[in-house]
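**Q**
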Amino acid sequence: SLGGLAIALAYRWIPTVWPTFIGRQVLVPVAVAGLWTAREAWASVWPYGGFAWGRVALSQSDSPISPLFAWLGVSGVSFVMVLVIASLLEAVVGQDAPARRALVPLAIVAVLIALPAWPIAATGTMDVAAVQGNGKAGYFDHRTDGELLQAQLDATAPLFGHDLDLVVWPEGATDRSPLTDRYTAEVLDYVSTQTKAPLMAWAVTERDGKLYNTEILWQAGEGALDFYDKKHPVPFGEYVPDRAFWTPFAPDLINLIGRDYTPGTTDMIFTVDHHRIGVNICFDIADDQLLKDSVDEGAQLIVASTNNADFGMTDESEQQLAIARIRAREFGRTVVNISTVGTSAMIRPDGTIVRQLPRYHPGVMRATVPLSDTLTPAAVWGRSIEWFVSGLGLSTLALAGLTSRRQRG
Numbered sequence: 001s002l003g004g005l006a007i008a009l010a011y012r013w014i015p016t017v018w019p020t021f022i023g024r025q026v027l028v029p030v031a032v033a034g035l036w037t038a039r040e041a042w043a044s045v046w047p048y049g050g051f052a053w054g055r056v057a058l059s060q061s062d063s064p065i066s067p068l069f070a071w072l073g074v075s076g077v078s079f080v081m082v083l084v085i086a087s088l089l090e091a092v093v094g095q096d097a098p099a100r101r102a103l104v105p106l107a108i109v110a111v112l113i114a115l116p117a118w119p120i121a122a123t124g125t126m127d128v129a130a131v132q133g134n135g136k137a138g139y140f141d142h143r144t145d146g147e148l149l150q151a152q153l154d155a156t157a158p159l160f161g162h163d164l165d166l167v168v169w170p171e172g173a174t175d176r177s178p179l180t181d182r183y184t185a186e187v188l189d190y191v192s193t194q195t196k197a198p199l200m201a202w203a204v205t206e207r208d209g210k211l212y213n214t215e216i217l218w219q220a221g222e223g224a225l226d227f228y229d230k231k232h233p234v235p236f237g238e239y240v241p242d243r244a245f246w247t248p249f250a251p252d253l254i255n256l257i258g259r260d261y262t263p264g265t266t267d268m269i270f271t272v273d274h275h276r277i278g279v280n281i282c283f284d285i286a287d288d289q290l291l292k293d294s295v296d297e298g299a300q301l302i303v304a305s306t307n308n309a310d311f312g313m314t315d316e317s318e319q320q321l322a323i324a325r326i327r328a329r330e331f332g333r334t335v336v337n338i339s340t341v342g343t344s345a346m347i348r349p350d351g352t353i354v355r356q357l358p359r360y361h362p363g364v365m366r367a368t369v370p371l372s373d374t375l376t377p378a379a380v381w382g383r384s385i386e387w388f389v390s391g392l393g394l395s396t397l398a399l400a401g402l403t404s405r406r407q408r409g
C-alpha cells in the first residue's frame, strides 16, 4: 500500500539525510507515526466512506492510556501508540549509548503517565432503560411476520409499571415501520404508556421512493416526535455502491443485498424533557466526524443502537462495545450501547461499564446515568488533531526526500 511505501521511504531517507540522534530517535518515530495515522485516516473515509474499524487505537479501551482519548481522540492515540513503538525500535537498533537511546521513549511514557484524566462535570441525570430482545434479527434469519416486534415486547415487559425517563430499543427491533403499520404503532404506544416514557424505536422507512435506516422517538398518544436516518450505511452491507459496476464481478454475492439504504441528512439529536440525546446507529459509532457532530449539536448522552445478529458468536460485537467505550472517554458522555442480540452495555463517561447484558439472551438494562455538557479537547479539536499529526509525518518525509535528492544531485 501507499502507506507502507511511505513508511519504508521514511526509514530509508531520514537516517541518511539526518544521521544524528535527533534524526534517528526523534524525526524517524515522528514521521512513521504521522504517516501511519495518515494511512488510517485515509482508509477511514475512502473508498465509499471508508472502514474505520481497524485503527490501532481501538485496541486501547482497557488500556492505562485510555484517558488520552479525551485529549487526543482516536487518531491522536494511534499516533502516540505508533510513536512509542517506533521510538522503542530505534532505541533497540540505534548506535548511540544505551542510556541516550532510551531517553525519547522514556520521556514519552513519562508524559503519558503524568497526563491527568479530563474532568467531566455532570449537568443532570436520566433514568434510562435499554432492551435487548434477542429476536431473529439477522438479514437471512427465517422468521414470521411480527416475530421481531413480539420478542422485543416480551423482553420489555419487566419494565412495565415503572416510571422511566427514556426506553431504548436497538436497530433491527421491529418488522414494520410504525409510520405505516397500525399494529406496530399500537405496540409502541403500549410500551410508552406502560413505562411512562418516550421510546426510541427503529424501523426501515421509505420516503420519496428511498429507503432509510431510521431511529424514531415515539411518545404514546403523539406518535413519532422525531427521527434520525443513519448517515453512514455500510457499503456492501446496507447498500451496494456502483451496483451496476460491481454486480458482474460477483452477481450471486451482490444480489444477496436486496435493498439499498440512502444516507440520512437529518440532525443526530432527540430532545427528551429538555435533555439532548445523541443518536447513532451501528456503524456510525466508528465514524469520528459523526460523533463529533452529535456533541457539537449538544448531545448530553449518546445512544448507540445496533444489530449484531449477522455476526453470530464472532468478536464483532465485543469490538463494537470497545469502540463505544472509547467514544465515552473521548467525548465525556454516557454511552448506551444497545444491540438486538448483544453485547449491550451502559457505559459511564470514564469508559467503565455500569450495566451489561450477555449475548443471545433477552434482557433489560436500567440505570440512572449522568448527562454532561463538558467539551473535551478531543471534542473541541476534532479531526484537526488528525490533520496535524498526519501533516507532521508527511512534511517530514517530503523534506527528507527533497534533501536526499539535493545531496545526491
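Everything in the sequence shown is counted per our numbering, starting at 1 for the first residue and increasing by one.
All residues carry an ideal CB built from backbone N, CA and C; glycine is no exception.
Model, not experiment: these values are computed from the prediction.
On the criterion of 16 or more Cβ atoms from any shown chain inside 10 Å, does I113 qualify as buried, or is it exposed?
**A** exposed
**Q** If distances are taken between C-alpha atoms only, which option among G312, R176, K230, L225 comes closest to V341?
**A** G312
**Q** From L392 to V295, what distance separates their C-alpha atoms?
**A** 27 Å
**Q** Can we say the segment 238-255 touches the segment 264-281, given the rule of at least three CB pairs closer than 8 Å?
**A** no
**Q** If S395 and T16 are in contact, beta carbons under 8 Å, what's the gap, nearest whole angstrom?
**A** At roughly 18 Å, the Cβ-Cβ gap does not stay under 8 Å, so S395 and T16 are not in contact.
**Q** Spatial neighbours of L225 within its chain, please: CB distance less than 6 Å, with the 5 preceding and 5 following residues excluded, ordered by chain position.
**A** L217, Q219
**Q** Are the segment 307-321 and the segment 335-351 touching, with three or more C-beta to C-beta distances below 8 Å?
**A** Counting Cβ pairs under 8 Å, three or more are found: they touch.
**Q** Distance, Cα to Cα, S305 vs A86?
**A** 37 Å
**Q** Considering only their Cβ atoms, is the gap separating L83 from P29 smaller than 8 Å?
**A** yes
**Q** Report yes if the C-beta distance between A129 and L164 is below 8 Å; otherwise report no.
**A** yes
**Q** My output table needs one value for S372: the three-state DSSP class, helix, strand or coil.
**A** strand
**Q** Which residues bound the beta strand (DSSP E) around I302?
**A** I302: member of the beta strand (DSSP E) spanning 301-306, first to last residue.
**Q** Alpha carbon to alpha carbon, how far is G50 from H162?
**A** When the Cα atoms are used, G50 and H162 turn out to be separated by approximately 42 Å.
**Q** Can you tell me which residues form a DSSP beta bridge with A224?
**A** W218
**Q** With burial defined as no fewer than 16 other Cβ atoms inside 10 Å of the residue's Cβ, what is the status of K210: buried or exposed?
**A** exposed
**Q** With a CB to CB cut of under 6 Å and the five nearest residues on each side skipped, what residues in its chain are close to I353?
**A** A345, I347
**Q** Can you tell which of A157, A151, R182 has the C-alpha that lies nearest to the C-alpha of A410?
**A** A question about residue 410 goes unanswered here, because the residues of the chain that appear run from 1 up to 409.
**Q** Could you give the distance in angstroms between the alpha-carbon of F160 and the alpha-carbon of P64?
**A** 40 Å
**Q** What is the rounded straight-line gap between the Cα of G332 and the Cα of E206?
**A** 35 Å
**Q** Please classify A31 as buried or exposed, where buried requires at least 16 other C-beta atoms within 10 Å of its C-beta.
**A** buried
**Q** Report the rounded CA-to-CA distance for F236 versus E330, giving the unit in angstroms.
**A** 29 Å
**Q** Out of L35, W118, L103, which has the shortest C-alpha to C-alpha gap to S1?
**A** L35
**Q** So what's M313 in DSSP terms, helix, strand or just coil?
**A** coil
**Q** Closest to L149 by C-alpha separation, out of H142, Y139, F140, G133, would be which residue?
**A** G133
**Q** Taking the alpha-carbon of I385 as reference, which of A41, G23, G4, R12 has the nearest alpha-carbon?
**A** A41
**Q** Secondary structure at Y261, three-state DSSP: helix, strand or coil?
**A** Strand at Y261.
**Q** Is the beta carbon of G146 closer than 8 Å to that of D175?
**A** yes
**Q** What is the residue span of the alpha helix (DSSP H) that L399 lies within?
**A** 384-408
**Q** Given a threshold of 16 other Cβ atoms within 10 Å of its Cβ, counted over all protein chains shown, does H361 qualify as buried or as exposed?
**A** exposed
**Q** Let's test the definition: count the other Cβ atoms within 10 Å of the Cβ of H232 and tell me whether it reaches 16, buried, or not, exposed.
**A** buried
**Q** State buried or exposed for Y183, treating a residue as buried only when at least 16 other CB atoms are found within 10 Å of its CB.
**A** By the neighbour-count rule (16 or more Cβ atoms within 10 Å), Y183 is not buried but exposed.
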